[in-house]
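S.K.: Numbering (this note's numbering), first residue to last: 1487 to 1629.
From the three backbone atoms N, C-alpha and C, an ideal C-beta is built for every residue, glycine too.
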């Protein structure tokens, strides 16, 4: 190797300098590190963008679909305001107005006598197994 060293070079070359025709170990290590780093950073980035959706899904929020759409929009447009809005919606609990209003509407229909007959057979008819039990009128309870 002494004949391969240039005459003006220092006598003790650093370890990362390889002789001609030899394998560059430092280059191979850096390539492997960069590939792993790119995958790690990409995984972190995608997990960070799915954080609001994960939070909303774990707590069974009503606004889960809205949080998911905002997270996807922020991922595709790189507008951070959508991600912040999704995170805020995932962390707060919006009240469920549709269930009580639906219950009120069904109760008012039942009081007014406009309730439709249920399409499924009554539980008593299933238990007895006879058609006669399902044809008997039920007593209506009014509040």
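Mapping the DSSP letters down to three states, classify residue 1584 as helix, strand or coil.
M.R.: In the structure shown, residue 1584 sits in a helix (DSSP, three-state: H, G or I).
S.K.: If I follow the unbroken alpha helix (DSSP H) through residue 1565, where does it start and stop?
M.R.: No alpha helix (DSSP H) contains residue 1565, which DSSP labels as neither H nor E.
S.K.: What did DSSP end up calling residue 1493 once you bin it into helix, strand or coil?
M.R.: The answer is coil: DSSP assigns residue 1493 none of H, G, I, E or B.
S.K.: Where do the N-terminal and C-terminal ends of the alpha helix (DSSP H) with residue 1527 fall, by residue?
M.R.: From DSSP, the alpha helix (DSSP H) with residue 1527 extends over 1511-1535.
S.K.: To which residues of the same chain is residue 1587 closer than 8 Å at the C-beta, ignoring the five residues directly before and after it?
M.R.: Same-chain partners within the cutoff: there are none.
S.K.: Which of helix, strand or coil does DSSP assign to residue 1544?
M.R.: Of the three classes helix, strand and coil, the one that applies to residue 1544 here is helix, per DSSP.
S.K.: Rounded to whole angstroms, what's the CA-CA distance from residue 1527 to residue 1569? Just pull it up for me.
M.R.: Cα to Cα, the separation comes out at about 18 Å.
S.K.: Report, in whole angstroms, the separation of the C-beta atoms of residue 1531 and residue 1542, which I expect to be a contact under 8 Å.
M.R.: Going by Cβ atoms, the distance from residue 1531 to residue 1542 rounds to 19 Å, so no, they are not a contact pair.
S.K.: Which class does residue 1574 belong to by DSSP, given the choice of helix, strand or coil?
M.R.: Here residue 1574 sits in helix by DSSP.
S.K.: Are residue 1510 and residue 1548 close, meaning C-beta to C-beta below 9 Å?
M.R.: Cβ atoms of residue 1510 and residue 1548: not closer than 9 Å.
S.K.: Which residues in the same chain as residue 1573 place their Cβ atom closer than 6 Å to its Cβ, once the five residues preceding and following it in sequence are excluded?
M.R.: These residues qualify, in order along the chain: 1538.
S.K.: Does DSSP put residue 1619 in a helix, in a strand, or in coil?
M.R.: Summary for residue 1619: the model assigns pLDDT 48, below 50, so the residue's position carries little reliability, and this model does not support an answer.
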